[in-house]
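K.L.:
Sequence positions in the sequence shown follow our numbering and run 1 to 286.
Take a look at the following structure, please.
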Amino acid sequence: MLHPAYQLTEPAMRTTSVIFASPHSGRDYSWSFLRKTVLDERMIRSSEDAFIDMLFEVAPQLGASFLAAKAPRAFVDFNRSREELDPVLIDDIRKTSHNPRISSGLGVIPRVVANGRQIYRGKLSRAEAESRILDYWQPYHDQLQALLDRSHAQFGEAVLIDCHSMPHEAVQSVAHPNGIRPDIVLGDRFGAAASGDVVARIEEAFTRAGLKVVRNAPFAGAYTAQHYGRPSRAQHVVQVEIDRSLYMNEQTIRPGANFSHFKELMAGVISDLAQIGGQPASLAAE
């Protein structure tokens, strides 16, 4: 199923309660959007989780649904609440309580891309912001909710793997125990978004592939994990962040020389992740 906001790829037969989603890998940059920016075509992509959809596209062959954003993050951020509107960017929005994401320009309609670079010359109308939410944000989340509901109906549970990438410098800037610089950061909002058993099995899938894993630092999970993660109701969400330097050139935003090798490695990880689902008794909420 192809929608301007997303592409949903379904397996021939669903065999797992695990769902994969990639909310920040969209790269359909329309001319009508690009002409409003002060950034070139490479710079506008700097906050995109480039090629994450390509790394996870094998999921439907392994029995899992895969929801991938088509609209780019710089246009609308699917990992934000629809209420996270930035009064600095959008007309007729009143500033309410302090929200660090909005303050930094990373609301549902972002004001900046990576390193705080401004996207627009001026402000956007409230009507335009609301149109993006209605036409893009809402359909994506309606589809995501439908996938979770269907998984519950079929398996009695749902496990959402929210797939992201992180700049290598984000990994370098954070001190970790034993000096470990992770390849993967798992965000479960410190246990609030997924049961310990689910997170442990996800971590095991990555470590078995030789990847170094830490939890919740520097990324503990944003809106999707917070909103949908309900382990007490057998609905688990884990945000997965992959170091971009493992598979791409961050400066040119192109696949790296080792992209094919890493994609093959990830296929094994995704196979293991898919096997987590489909066994409701073993994934009961803690």
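We put the CB at the ideal spot given by N, CA and C, even for glycine.
Note that the structure is predicted; figures quoted are calculated from it, not measured.
1) Going along the chain, which unbroken runs of the beta strand (DSSP E) with 3 or more residues stay wholly within the region 166-248?
2) Is Asp142 helix, strand or coil when you go by DSSP?
3) Would you check if there are 3 or more beta carbon pairs closer than 8 Å linking the region 123-141 to the region 87-105?
4) Give the C-beta separation of Val199 and Asp188 to the nearest angstrom, bearing in mind that I take them to be a contact with Cβ-Cβ under 8 Å.
5) I need the boundaries of the alpha helix (DSSP H) containing Leu34, first residue and last residue.
6) Less than 7 Å between C-beta atoms, sequence neighbours within five positions excluded: which residues of the same chain meet that for Leu168?
7) With three or more C-beta pairs closer than 8 Å as the rule, is the region 134-150 touching the region 255-271?
8) Are the Cβ atoms of Lys95 and Asp28 separated by less than 7 Å?
9) Taking the alpha-carbon positions, what's the Gly268 to Ala209 distance?
10) Measuring alpha carbon to alpha carbon, tell me which residue in Asn79, Gly156, Leu186 and Met166 is nearest Gln138.
11) Between which two residues does the beta strand (DSSP E) carrying Ser65 extend?
12) Let me make sure I understand the geometry here. Which of Asp142, Glu83 and Val214 has the alpha-carbon closest to that of Val185?
13) Would the region 48-59 and the region 20-27 be scored as touching if the rule is three or more Cβ pairs under 8 Å?
14) For Thr37 and Ile119, what's the separation of their Cα atoms in angstroms?
15) Going by C-alpha distance, which of Arg201, Gly196, Glu83 and Arg82 is nearest Gln275?
16) From the DSSP output, which residues share a beta bridge with Asp162?
17) How many whole angstroms separate the CB atoms of Leu160 and Tyr247, which I take to be in contact at a CB cut-off of 8 Å?
18) Note down the Cα distance separating Gly278 from Pro231, rounded to an integer number of angstroms.
19) Buried or exposed: Pro100, going by 16 or more other Cβ atoms within 10 Å of its Cβ?
20) Hey, could you find the ends of the alpha helix (DSSP H) Leu55 is sitting in?
21) When the cut-off is 7 Å and only beta carbons count, does Gln239 lie next to chain C?
22) Taking Thr9 as the reference, which of Phe75, Leu144, Ile109 and Arg45 has the closest Cα?
P.N.:
Let me lay it out:
1) 184-187, 213-215 and 235-243
2) Along the sequence shown, one-based indexing puts residue 142 at 142. Helix at Asp142.
3) yes
4) In the sequence shown, the residue the question calls residue 199 occupies position 199. In the sequence shown, the residue the question calls residue 188 occupies position 188. Right, the Cβ-Cβ distance comes to about 5 Å (below 8 Å), so this counts as a contact.
5) Stepping through the sequence shown from its first residue, residue 34 is reached at position 34. Element bounds for Leu34: Trp31 to Leu34.
6) Your numbering for residue 168 matches position 168 in the sequence shown. Note that residue 168 is His in the sequence shown here, rather than Leu. Around His168: Asp243, Arg244, Ser245 and Glu250.
7) no
8) Residue mapping note: residue 95 aligns to position 95 of the sequence shown, counting from 1. Residue mapping note: residue 28 aligns to position 28 of the sequence shown, counting from 1. No, the Cβ-Cβ distance between Lys95 and Asp28 is not below 7 Å.
9) As a working note, residue 268 is residue 268 in the sequence shown. As a working note, residue 209 is residue 209 in the sequence shown. Taking the straight line from one Cα to the other gives about 8 Å.
10) Within the sequence shown, residue 138 is the residue found at index 138, counting from 1. Answer by Cα proximity: Asn79.
11) As a position in the sequence shown, residue 65 is number 65, starting the count at 1. Note, Ser65: beta strand (DSSP E), Ser65 to Ala69.
12) Counting from one through the sequence shown, the residue named residue 185 turns up at place 185. Considering only alpha carbons, the answer is Val214.
13) yes
14) Taking the sequence shown and counting its residues from 1, the one referred to as residue 37 is at position 37. Taking the sequence shown and counting its residues from 1, the one referred to as residue 119 is at position 119. Each residue's Cα considered, the two are about 5 Å apart.
15) Here the question's residue 275 lines up with position 275 in the sequence shown. Cα-wise, what sits closest to Gln275 is Arg201.
16) For the purposes of this step, residue 162 is taken as the residue at position 162 of the sequence shown. BP columns for Asp162 point to Ala21 and Gln239.
17) Position 160 of the sequence shown holds residue 160. Position 247 of the sequence shown holds residue 247. Leu160 to Tyr247, Cβ: 22 Å. No contact.
18) As a first step, residue 278 must be located in the sequence shown, where it is residue number 278. As a first step, residue 231 must be located in the sequence shown, where it is residue number 231. Each residue's alpha carbon lies about 16 Å from the other.
19) Within the sequence shown, numbered from 1, the residue matching residue 100 stands at position 100. It counts as exposed.
20) As a first step, residue 55 is located in the sequence shown; it is residue number 55 there, counting from the start. First-last of the alpha helix (DSSP H) with Leu55: Ile52 to Phe56.
21) This model lacks chain C altogether, as it is built from one protein chain only.
22) For the purposes of this step, residue 9 is identified with residue 9 of the sequence shown, where counting begins at 1. Ranking the options by Cα distance to Thr9, first place goes to Leu144.
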